[in-house]
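The sequence shown maps to residues -18 to -1, 1 to 375 in mature numbering (1 follows the signal peptide of the UniProt record, and there is no 0). Cβ atoms here follow ideal geometry from the backbone N, Cα and C, with glycine treated the same way. Taking it in order: structure first as structure tokens, then the write-up.
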Amino acid sequence: MKKKIYHILALFAVIAMASCSNTTRYFKVEGSVAGMPVQNVVLEEWGVDEVKLVDSVRSDKNGHFSLKGVYGEPALYRIKMGTKVMLIVVDGEHISLKAKWDKDYDLNNYTASGSPGSASLSTFLGRYRQLNEDILALQIAADSLNVNAAPDSVLILVQGESDQKYKEMTAFVKNYSDSAQSVPVALFAARVLLNLDAEIDYLKTFAGKMSKRYPDNEFVAEFRQKVKEKTDMMQSENTGPGAGSAAPEFTLTSLDGKPVALSSFKGKFVLVDFWASWCPPCRAENPNVVAAYKKYKDRNFTVLGVSLDNDREKWKQAVEKDGLAWTQVSDLKGWDSETAAKYGVQSIPANFLLDPSGKIIATNLRGTELDRVLNSKLVTTSQVAVGNTTAKK
């Protein structure tokens, strides 16, 4: 009887050990970076709520290093080598990485064995970087053509290529997110789209599919929460008129004390820009608006600044300091502004791009997105005008 009990207890012990080994496993990452100077190499796990230090070593003179850790489900990790970064997926017990030291780029153009997720992630990052570089090159070319007053026909061609490349990039990201076999890679790719309001429907669908396939995955749950937060934020910002709506009329007082009506700008593309001198994000965004104004002011475009300031002098000082050369208006009522309420403005900076008829055609354009949309809209308008002139002949 005692022998039977002993064997049963031993069996339970084996089962328990096997169970533990299924959820917690040891891994080793062997790396070789040709041309890398001797330095500290740090391995960090990108968790849901924190970045956690896992291991650190000193590389040898040949660029070799070995890192160790413990993992449960496959997850995203970051290897830091001085100022350089290599993103990998830990999804195996023995992972081998090979790369070449590059002083200009992060080290994500690597080869991986023992980690299907890392190989997939490297492929994604390589193609995504190339597409971004292509888009940037086309934007620089368009800027140069614009500065040198190139014919609209040439600008239209370059902008068309840029728009096509942008569509190619978003299609690539979606396809990779949908088809990636590695959960961390699929989520990483989809995160690229979190900054694009136009992709919210795709993100909600993607998050829903991933939640059904991986109901207990904490990274999937965290991503779905991010999508929900973005959806909630967009809904709170969209209580006012949106694209396709007529812009609500208003008349406010300019800095020099004159009444200015929005309708007086009809016939032009107008960016109605809500901001305030006391708003750090607004002040940080102002250089982008200044650049757009300088670039497009001679192409039937202007900006109308609507300040949510209470103090006229601080408003005036901010306008002068930031170099805001366009018309500025305010009722100096801060968040009690009736105009802000009409437009459903819940946070600033906020803006509305109007076409020459006074219809809203885009909202909340910032940074490079502001330049991209303006370039596209203004070039398209020029193309239509050229077409109409030709037809009359």
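Exercise for the section: Assuming N333 contacts T345 (C-beta within less than 8 angstroms), just tell me the rounded distance between them. Expected result: About 7 angstroms; that satisfies the 8 angstroms criterion.
Handout entry: Contacts around F232, its chain only, beta-carbon distance under 7 angstroms, and the 5 residues preceding and following it disregarded
Key = Result list for F232: L244, T321, K324, in chain order.
Handout entry: Cβ-Cβ separation, V39 to S48 (assumed contact under 8 angstroms), whole Å
Key = At roughly 6 angstroms, the Cβ-Cβ gap stays under 8 angstroms, so S48 and V39 are in contact.
Problem - Nearest to S339 (by Cα), restricted to the options W260, W257, K250 - result: With distances taken between Cα atoms, S339 lies closest to K250.
Problem - Where I122 falls, given that 16 or more other Cβ within 10 Å makes a residue buried - result: Exposed, because fewer than 16 other Cβ atoms sit within 10 Å of the Cβ of I122.
Handout entry: For Y59, the first and last residue of its enclosing alpha helix (DSSP H)
Key = That residue, Y59, is in no alpha helix (DSSP H); its beta strand (DSSP E) goes 57 to 63.
Exercise for the section: In angstroms with no decimal places, state the Cα-to-Cα distance between S3 and T93. Expected result: For S3, the predicted model reports a pLDDT of 39, less than 50, meaning its position is unreliable; a value from the coordinates is still stated below. The alpha-carbon atoms of S3 and T93 are separated by roughly 28 angstroms.
Exercise for the section: Kindly confirm or deny that the stretch 195 to 204 and the stretch 305 to 314 touch, where touching means at least three C-beta pairs closer than 8 angstroms. Expected result: Touching, no.
Problem - Three-state secondary structure assigned by DSSP to F(-7) - result: For F(-7), the predicted model reports a pLDDT of 36, less than 50, meaning its position is unreliable; a value from the coordinates is still stated below. The answer is helix: DSSP assigns F(-7) an H, G or I state.
Handout entry: First through last residue of the alpha helix (DSSP H) which encompasses V165
Key = Run containing V165: 165 to 173, per the alpha helix (DSSP H) assignment.
Practice task
Spell out a yes or no on whether the stretch 182 to 189 and the stretch 68 to 79 are touching, meaning 3 or more CB-CB pairs, one atom from each, closer than 8 angstroms.
Solution key: A contact is defined here as three or more CB-CB pairs under 8 angstroms, and the stretch 182 to 189 fails this definition with respect to the stretch 68 to 79.
Problem - Residue of S259, V155, V165 minimising C-alpha distance to L176 - result: When each option's Cα is compared against that of L176, the closest is V155.
Handout entry: Burial state of D291 (16 or more Cβ within 10 Å)
Key = Around the beta carbon of D291, a 10 Å sphere encloses 16 or more other beta carbons of the protein chains shown; the residue is thus reported as buried.
Handout entry: Range of the contiguous beta strand (DSSP E) that encloses N333
Key = If you look at N333, you'll find it in the beta strand (DSSP E) that goes 332 to 336.
Exercise for the section: Thinking S289 and W257 are a contact (beta carbons under 8 angstroms), I'd like their distance in whole angstroms, please. Expected result: 6 angstroms between Cβ atoms; contact.
Problem - N22 - containing beta strand (DSSP E), residue span - result: Looking at the DSSP string, the run of the beta strand (DSSP E) that includes N22 is 22 to 28.
Handout entry: Spatially closest choice to M63 from Q299, M18, E143, V327, by CA coordinates
Key = The candidate whose alpha carbon is nearest that of M63 is M18.
Exercise for the section: Write down every uninterrupted run of the alpha helix (DSSP H) in the stretch 230 to 277 whose length is 4 residues or greater and which is fully enclosed by it, in chain order. Expected result: Considered as a whole, the stretch 230 to 277 harbours no complete run of any alpha helix (DSSP H) with no fewer than 4 residues.
Problem - 6 angstroms CB neighbourhood of C261 in its chain, flanking five on each side removed - result: These residues qualify, in order along the chain: I330.
Exercise for the section: Quickly, what does DSSP pair M68 with across the bridge? List them, please. Expected result: Its beta-bridge partners are I61.
Problem - Contact under 9 angstroms by Cβ, Y53 with T6 - result: Going by C-beta atoms, Y53 is nearer than 9 angstroms to T6.
Exercise for the section: Report the partner residues of T309 according to the DSSP bridge assignment. Expected result: L286.
Exercise for the section: Report yes if the C-beta distance between A124 and Q141 is below 9 angstroms; otherwise report no. Expected result: Yes, the Cβ-Cβ distance between A124 and Q141 is below 9 angstroms.
Problem - Whole-Å CB distance - L58 paired with P133, under 8 angstroms assumed - result: L58 to P133, Cβ: 47 angstroms. No contact.
Practice task
Return the residue from the list D353, R348, S236 that minimises the CA-CA distance to V301.
Solution key: Residue S236 is the option with its Cα nearest to V301.
Handout entry: Spatial distance of I117 from Q163 (CA atoms)
Key = I117 and Q163 have their C-alpha atoms some 28 angstroms from each other.
Practice task
Could you spell out where the alpha helix (DSSP H) holding S48 opens and where it closes?
Solution key: From DSSP, S48 is part of no alpha helix (DSSP H) but of the beta strand (DSSP E) over 46 to 53.
Handout entry: First through last residue of the beta strand (DSSP E) which encompasses E12
Key = E12: member of the beta strand (DSSP E) spanning 7 to 16, first to last residue.
Practice task
Mind checking which residues open and close the alpha helix (DSSP H) that includes K303?
Solution key: Counting along the chain, K303 sits inside the alpha helix (DSSP H) bounded by residues 294 to 304.
Handout entry: Presumed contact (8 angstroms Cβ cut-off) between I342 and A180, rounded CB distance
Key = Their Cβ separation, rounded to whole angstroms, is 15 angstroms, which puts I342 and A180 out of contact at 8 angstroms.
Problem - Cβ shell of V20 (< 8 angstroms), same chain only, five flanking positions each side left out - result: Closer than 8 angstroms at Cβ, skipping near neighbours: R40, S41, D42, K43.
Problem - Extent of the continuous beta strand (DSSP E) to which R195 belongs - result: For R195, there is no enclosing beta strand (DSSP E); the residue is found in the alpha helix (DSSP H) stretching over 182 to 195.
Handout entry: Enclosing beta strand (DSSP E) for D81 [first to last residue]
Key = Residue identity check: residue 81 is Ala in the sequence provided, not Asp. That run of the beta strand (DSSP E) goes 76 to 82.
Handout entry: Integer Cβ distance of G45 from V11, believed to fall under 8 angstroms
Key = Not a contact, Cβ separation roughly 14 angstroms.
Handout entry: Same chain, Cβ closer than 7 angstroms to T284, five either side skipped, listed in chain order
Key = Once the five neighbours on either side are set aside, the close Cβ partners of T284 are F247, K250, V252, W308.
Exercise for the section: On a CA-only basis, which of V72, V67, V355, N268 is nearest L286? Give me that one, please. Expected result: Per the C-alpha coordinates, the member of V72, V67, V355, N268 positioned closest to L286 is N268.
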